[in-house]
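Reading through the structure tokens given below for one structure.
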Amino acid sequence: MKAYSIEFWIVIVIILLIQSFWLFLDARKRGHNYWFWGIWGLIQTPMPIVFYLIFVRKIYQYRAGRE
């Protein structure tokens, strides 16, 4: 089994922190469940940001415009 280098883990942590920070701030600005998005962004990548962009940013605005 190959062990990953410390640089690999540093990059992963930075990606997770940036993703979580952006999700938290954007969800709070738009009035969504910002704690959920921020925490989910800390534990996994890239699915939280993909789901956020598809379901919160696109579909939510589309439905709001129709009603």
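For the sequence shown, the numbering used here begins at -6 and goes up steadily by one. Beta carbons: idealized from backbone N, C-alpha and C, even for Gly.
Distance, residue j Cα to residue i Cα
i     : j   : result
F29   : R21 : 10 angstroms
N26   : V49 : 10 angstroms
Y(-3) : P41 : 24 angstroms
I(-1) : I8  : 14 angstroms
V4    : G31 : 18 angstroms
Residue i, DSSP secondary structure in three states
i     : result
G24   : coil
Y(-3) : coil
P41   : helix
Cβ-based neighbour list, residue i, same chain, cut-off 6 angstroms, excluding 5 preceding and 5 following
i  : result
W2 : none
Other residues of its chain near residue i: CB distance less than 7 angstroms, five sequence neighbours each side excluded
i   : result
T38 : I8, L9, Q12
K51 : none
L18 : none
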